[in-house]
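First comes the structure, then the notes that go with it.
In the UniProt record's numbering, the protein residues as written are 1 to 399.
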């Protein structure tokens with residue numbers, strides 16, 4: 001073997017090796033982009049944001065001049081698709097536009113087969129919406145890829161490069177990688193869709209629990225509270241108040257379940273366990289009983305750190321005060337004032353009910369006072385002029 005032929009074979013081997021390394025590098029780049037896209041999609045994003053992530057990441061890694069996702073969902077008419085995400089060529093304004101299911105888009109959705117063409121605008125069956133046809137006429141290489149996951153067709157991913165673009169030649173060789181990216185996108189979008197459906201179900205269940213069960217329990221507790229105030233036998237009155245306490249505990253547990261259903265992250269759940277969040281829940285629960293929402297007035301930093309027992313008793317005092325107002329008459333206004341200072345927390349609940357015979361501590365309010373006293377505070381009830389009741393509850397924070 002002469003040196004010339006040996007050098008030729010060596011050079012060819014070097015080129016082949018270089019090509020393999022380049023191809024491997026490109027594949028790694030696409031895989032990395034697909035992983036980044038998947039990680040973003042599995043975060044807290046809504047459907048439209050998720051689709052924009054796909055088109056944006058695809059253009060970034062491929063050098064494409066245009067990318068769009070056309071959605072084919074059961075909620076649309078059978079002959080209609082929607083451009084849900086559009087990126088490039090100044091066509092972003094077209095997002096959210098419903099169009100007839102036609103041309104290559106319809107073919108890809110119907111067959112699940114991709115279409116790749118070096119001259120997409122002259123491909124048989126190419127029939128873009130007239131509103132964007134002129135802008136898309138600049139495309140040379142184009143691809144229509146099905147978005148399919150778990151046997152479900154989500155729609156089509158459309159990507160294109162300007163005729164003569166420096167990325168066009170490389171992109172033609174990377175068609176299998178674009179197809180791989182589309183597969184990753186479909187799987188990630190399936191997860192997004194599934195998560196959104198779960199969240200919708202959770203919100204529906206939470207709403208049903210809140211609007212039906214919580215309101216009903218509050219109404220029953222208010223009724224029992226009023227009945228207990230009229231009972232003279234101590235043993236029966238005690239049993240009634242124990243039943244009311246059981247209802248309060250059931251209400252608390254249901255609210256905890258609602259928090260878990262509505263707030264996926266621990267941070268959100270913790271936020272709803274703040275004093276302001278819990279007091280707002282009590283006021284909201286009383287809305288249906290009163291027929292209006294009691295007014296809340298807060299002075300000072302209510303959500304500042306406070307002993308857990310003080311917070312628990314503050315919320316319980318709000319609940320008992322609202323139940324007290326609802327049990328004796330039907331007021332037209334109820335106001336809840338909470339005053340937070342470095343020294344302590346004060347609650348004043350006023351109503352304009354016309355029955356004033358219960359302007360003393362009784363029933364559950366006696367226990368509210370007892371628990372407040374154990375914290376160094378007190379609870380009192382007095383008449384409001386000309387009509388109504390004023391309940392005051394105060395507890396120091398140094399206890």
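We put the CB at the ideal spot given by N, CA and C, even for glycine.
Only a predicted model underlies this, so the values are computations on that prediction, with no experimental measurement involved.
For residue 20, which residues of its own chain have a beta-carbon under 6 Å away from its beta-carbon, when the five flanking residues on both sides are left out?
-> Only weak support is given to the placement of residue 20: the predicted model assigns it a pLDDT of 41, under 50, and the value that follows is read from those uncertain coordinates. So the list is empty, once near-sequence residues are dropped.
For residue 156, which three-state DSSP category applies?
-> strand
Cross-strand partners of residue 318 (DSSP beta bridge) | Answer by DSSP bridge pairing: none, since residue 318 is not bridged.
Leaving out the 5 sequence neighbours to the left and right, which residues in its chain are closer than 7 Å to residue 156 when beta-carbon positions are compared?
-> Within the same chain, residue 156 has close Cβ partners 70, 105, 108, 109, 144, 145, 146 and 147.
Can you give me the Cβ contacts of residue 380 inside the same chain, cut-off strictly under 6 Å, excluding the 5 residues immediately before and after it?
-> 392
Using DSSP with H/G/I as helix, E/B as strand and the rest coil, what is residue 385?
-> coil
Any heavy atom of the ligand GDP closer than 7 Å to the Cβ of residue 88?
-> Absence of the ligand GDP is noted for the structure shown, with no ligands found whatsoever.
Which partner residues does residue 69 have in the DSSP bridge list?
-> 85 and 157
Residue 149 bridges to which residues according to DSSP?
-> Bridge pairing for residue 149: 152 [DSSP].
Looking at the unbroken alpha helix (DSSP H) that takes in residue 276, where does it start and where does it end?
-> 275–290
The region 236–245 touching the region 218–225, judged by at least three CB pairs closer than 8 Å = Yes, they touch.
Whole angstroms is fine: what's the gap from residue 445's alpha carbon to residue 237's?
-> Only positions 1 to 399 of the chain appear in this structure, which leaves residue 445 out of reach.
Would you mind working out which of 326, 339 and 368 sits nearest residue 351, comparing C-alpha positions?
-> The shortest C-alpha separation from residue 351 is found at 326.
DSSP bridge partner residues for residue 117 (one or two, in chain order) | DSSP lists 142 as partners of residue 117.
8 Å Cβ shell around residue 297 - same chain, five flanking residues per side excluded | 335, 336, 337 and 338
Helix, strand or coil for residue 56 per DSSP?
-> helix
Leaving out five residues before and five after residue 52 in sequence, what residues of the same chain have Cβ atoms less than 8 Å from its Cβ?
-> 85 and 87
Report yes if the CB atom of residue 310 is closer than 8 Å to the CB atom of residue 375, and no otherwise.
-> yes
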